[in-house]
Each structure stands twice: as C-alpha cells, then as structure tokens.
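Under the UniProt record's numbering, the first residue of the sequence shown carries the number 1, and numbering increases by one thereafter. Think of the CB as a built atom: it goes at the ideal place given N, C-alpha and C, for glycine as much as any other residue. Inspection log for the structure reproduced underneath, given as structure tokens.
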Amino acid sequence: MIRAAGLRGFVPLVEQLGGDADRLLARFGVAPSVLESDEALIPITVNDLLLDGAAAELGCPDLGLRLAEAQDLTILGPLAVAVESSSTVSEALTLASRFMFVHSPALSIGVEADPWGRREVVALTYRKDLHESPYSPQAMELGLGLFHRIVVALTGDTAGLRSVEIAHQPLSPIRRYTGFFGADVKFGRPAAALRVERRLLDMQFGTADDTIRHLAVQHLAGRYPDPARKVSTHVRRAVAGNLGTGRPVITRVARLLAVHPRTLQRQLAAEGTSFEAVLDEVRREAAHRYITTTDLPLGAVTALVGFTEQSTLSHAVRRWFGASARELRRAARRGGGTGGPDVSR
C-alpha cells in the first residue's frame, strides 16, 4: 500500500493537460474521494499503473517529474516533522529510512557507497520492493524527483549533486532530466540514486529542534508499528519469495523462519491472521499482477502463484475479483479496471 498523499497534485495536473481525472481514476478503480485524505491507502500497484497509464493516455512522458514539481516534504505526513527537525542530513536520512514504511512499506531510501567508486561521494538510493509490485518508470521518476527536491529544500545546496542514476531508459528528452535535476543523469543503472558529495551528510539544518524531533519520533514509533517486526510480515516475505518454487505449506515456511509450525500459527493468530490468510493474500496480489501486467499464459500464472491446476486458479480469481482471469486481463488491456483491488474507501 501507499498513502494517497503520493498522488497529491494528480487531479489538477491531469486537468491542466486536458485530461479527465475522474475517468482516469475510475479506469484504475480509484474513487476520487480517496484522494481527499492524505492518510487513505491505495495499493501501490494501482497507484503506479495509474501514473503510467495517465502518462501514456495524455502523451506526457514527464508526468512523474511534473508531479514531483507539485509536491514537497509534507506528503510524508508525520514523518516530515521528524525529518525537518533533524540536526543533520545524515540524521534526517536515518529517520526517513527507519520510518519510510509509514508512507509505503514497499519503498525505501538509504545511503550507500558510490557505485562509481568515488570515496568522496555517496549514493542516496531510492528503491521499490519488486516482490511487492512491478517496476513503474513514472512512479520511479516521481519518487526520485521528489527525493531530490526535498534534499535541495532542506540543504539549500545544489552544488553537492554529482549526478543522478535511473534504472530505466529515458522517457523524455535528456535535457528535461538535466534541467530538472541540474546535473548529469545516467540511465540503465542498477538502482535509482542521487550521487552527492559526502560532506552533505554533515550539513546542519536551520530547522533543527531536538524537542520536536523527539516528540515526532515518539509519535511515529507509538502509532505506526514497524511491519518488519511483525511475524506476518516475515511469513509474507517468505511465501512471496518462494511462491512458484514448490507447494507453499506452513511446515516449509516455519522451517525457513526457524520456528515450529504450531508456534508460527499461534504468533500469527496473536496478530489477528493465519498462515492460510497470508498465503491467500500473497497469491491474490501475485495473480492480479501477473494477469494484468504480463502476457504470461494462464498455465504459467497457475504455477507462479503455487497452484497445481489451472482450474484452481480460475476458481480463486473468480472468488477474489468477481471475474474470470481472461475477463480481468481484457479489462486491464482496455483500461476498464474490472476486478481490480477495491480502493473506494
């Protein structure tokens, strides 16, 4: 999931480009009312398909960058307060990395060694967990573009940016990227990143406030439990990582997590779920992704989601989405949104 704040500015931008925002939202199964609250949650695959679909329909290859220009740090909600009140860039990045799951558990940022081996340079990386959702060029450009704008706004320093790394090939003319970032941009790279001078990490913020930062961190830690600490999250990752490699049974997952199957079931029950529920959710999301974003034969999809018979997949898809797999695929191709995740509330 991702907070609806990530689509802030989407409706006015679409209208500015001459498009029909309500029709585009309906096409991907998003109720307009969802965007009225920053805290509303949207499946991140739906969010990203909406961005890619809107860019294609409106003939706007730089839609992600344009949306980044309309956003700022405040889309991160309570996390923005902790970041802005940090003492240094390094501390802000540490807090953003720790609590990025509040905005979306599928997204992460980090500070890594320079991919080009320069000791005086570090890479500020921006990643999406592709086990959770397919790669989206427009969403990646939006996220990296916003990351850049936030760093510049907080530091007031553009001189420290050496270059920008993007995993996909350019969607727009190169000058659009260099104009946006004010630096060289390299494409087809292993990960999206801003290559900055290491000295920027020690830069102090004029907005630093220890009291406010402490209260903000307390609020984040108290209200938003880290999903990485939940047993169901570990089970979900284990199931997703092994889906399609064998029959997904609790004994196998328990062995991977080094616990007894009965203990694992008790731990999941304490979190209000079960192994069967987690498995069903992972299969549902994987099936929707394979059916709507690839041309894989349904027999291959059957194996990839861990079913042995295509008829089992057919019954599950009908139960999950109220449509057959072929109907779901046809709807996705024509942009109808039939059978997609329900994000109307």
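CB of residue i within 8 Å of CB of residue j, strictly
{"i": "Leu63", "j": "Ala54", "result": "yes"}
{"i": "residue 346", "j": "His131", "result": "Outside the shown range of the chain (1 to 345) lies residue 346, about which nothing can therefore be said."}
{"i": "Leu79", "j": "Val111", "result": "no"}
{"i": "Ser86", "j": "Asp202", "result": "no"}
{"i": "Val196", "j": "Leu124", "result": "yes"}
{"i": "Val301", "j": "Ile291", "result": "yes"}
{"i": "Ile2", "j": "Asn47", "result": "yes"}
{"i": "Leu121", "j": "Asp114", "result": "The residue you asked about is not Leu; residue 121 is Val in the sequence shown. Yes, they are a contact pair."}
{"i": "residue 416", "j": "Ala238", "result": "The chain is shown from 1 up to 345; residue 416 falls before or after that span and cannot be answered."}
{"i": "Gln265", "j": "Val231", "result": "no"}
{"i": "Gly306", "j": "Arg283", "result": "yes"}
{"i": "Thr88", "j": "Phe205", "result": "yes"}
{"i": "Val151", "j": "Leu194", "result": "yes"}
Residues near residue i by beta carbon distance below 6 Å, same chain, minus five either side
{"i": "Glu84", "result": "Thr207"}
{"i": "Gly336", "result": "Interpretation of Gly336 is limited by its pLDDT of 43, a score under 50 that renders its predicted location unreliable; the figure taken from the coordinates is listed afterwards. Excluding positions up to five away in sequence, the list is empty."}
{"i": "Gly340", "result": "The pLDDT assigned to Gly340 is 41, lower than 50, so where the model puts this residue is not dependable, and the model offers no usable value."}
{"i": "Asp342", "result": "Bear in mind that a pLDDT of 40 at Asp342, under 50, signals an unreliable position, so the number given afterwards is only what the model happens to contain. Result list for Asp342: empty, nothing under 6 Å."}
{"i": "Asp210", "result": "none"}
{"i": "Gly145", "result": "Leu65, Ala68"}
{"i": "Asp52", "result": "Ser136, Gln138"}
Those residues which DSSP pairs with residue i across a bridge
{"i": "Glu285", "result": "Answer is none; Glu285 lacks a bridge partner."}
{"i": "Leu161", "result": "Val196"}
{"i": "Gly110", "result": "Thr125"}
{"i": "Arg3", "result": "Leu41"}
{"i": "Val151", "result": "None, per the DSSP bridge assignment."}
Closest Cα partner of residue i within the set the options
{"i": "Leu298", "options": "Ser314, Arg283, Glu285", "result": "Ser314"}
{"i": "Cys60", "options": "Glu132, Gln138, Ala153", "result": "Gln138"}
{"i": "Arg192", "options": "His148, Leu279, Leu51", "result": "The question names Arg, but residue 192 is Ala in the sequence shown. Closest option to Ala192, Cα to Cα, is His148."}
{"i": "Arg289", "options": "Ser232, Arg118, Leu328", "result": "Leu328"}
{"i": "Gly77", "options": "Leu144, Gly19, Tyr224, Pro248", "result": "Tyr224"}
{"i": "Asp280", "options": "Arg319, Leu257, Ala258, Leu264", "result": "Arg319"}
{"i": "Arg162", "options": "Ala316, Leu264, Asp184", "result": "Asp184"}
{"i": "Gly143", "options": "Leu73, Arg119, Ala92, Ala40", "result": "Leu73"}
{"i": "Glu309", "options": "Thr251, Arg247, Ala269, Pro43", "result": "Arg247"}
{"i": "His168", "options": "Phe181, Thr294, Lys186", "result": "Lys186"}
{"i": "Arg333", "options": "Arg252, Glu271, Glu57, Glu36", "result": "Glu57"}
{"i": "Ala258", "options": "Ser274, His234, Arg23, Leu51", "result": "His234"}
{"i": "Phe99", "options": "Ala216, Gly145, Ala31", "result": "Ala216"}
{"i": "Arg8", "options": "Glu39, Gly18, Val81", "result": "Glu39"}
Spatial neighbours of residue i in its chain, beta-carbon cut-off 7 Å, leaving aside the 5 residues before and after
{"i": "Arg345", "result": "Low confidence applies to Arg345: its pLDDT is 31, below 50, so where it sits in the model is not reliable, and the reading given next is rough at best. Answer for Arg345: no residue qualifies."}
{"i": "His260", "result": "Ala254"}
{"i": "Val11", "result": "Ala21, Leu35"}
{"i": "Gln16", "result": "none"}
{"i": "His219", "result": "Pro78"}
Start-to-end residues for the alpha helix (DSSP H) that takes in residue i
{"i": "Asp210", "result": "210 to 223"}
{"i": "Trp320", "result": "310 to 321"}
{"i": "Arg262", "result": "261 to 270"}
{"i": "Arg236", "result": "231 to 242"}
{"i": "Arg66", "result": "63 to 69"}
{"i": "Pro248", "result": "Here Pro248 belongs to no alpha helix (DSSP H), and DSSP marks it neither H nor E."}
Beta strand (DSSP E) segment containing residue i, residue limits
{"i": "Leu185", "result": "The sequence shown places Val at residue 185, rather than the Leu named in the question. 184 to 186 is the extent of the beta strand (DSSP E) around Val185."}
Other residues of its chain near residue i: CB distance less than 8 Å, five sequence neighbours each side excluded
{"i": "Leu304", "result": "Leu243, Gly244, Ala286, Tyr290, Leu296"}
{"i": "Ser104", "result": "Met1, Ile2, Arg3, Gly6, Ile44"}
{"i": "Leu24", "result": "Val14, Leu50, Gly53, Ala54, Glu57"}
Neighbour flag for residue i against chain C, beta carbons, 8 Å
{"i": "Gly179", "result": "Included in the structure is just one protein chain, with no chain C present."}
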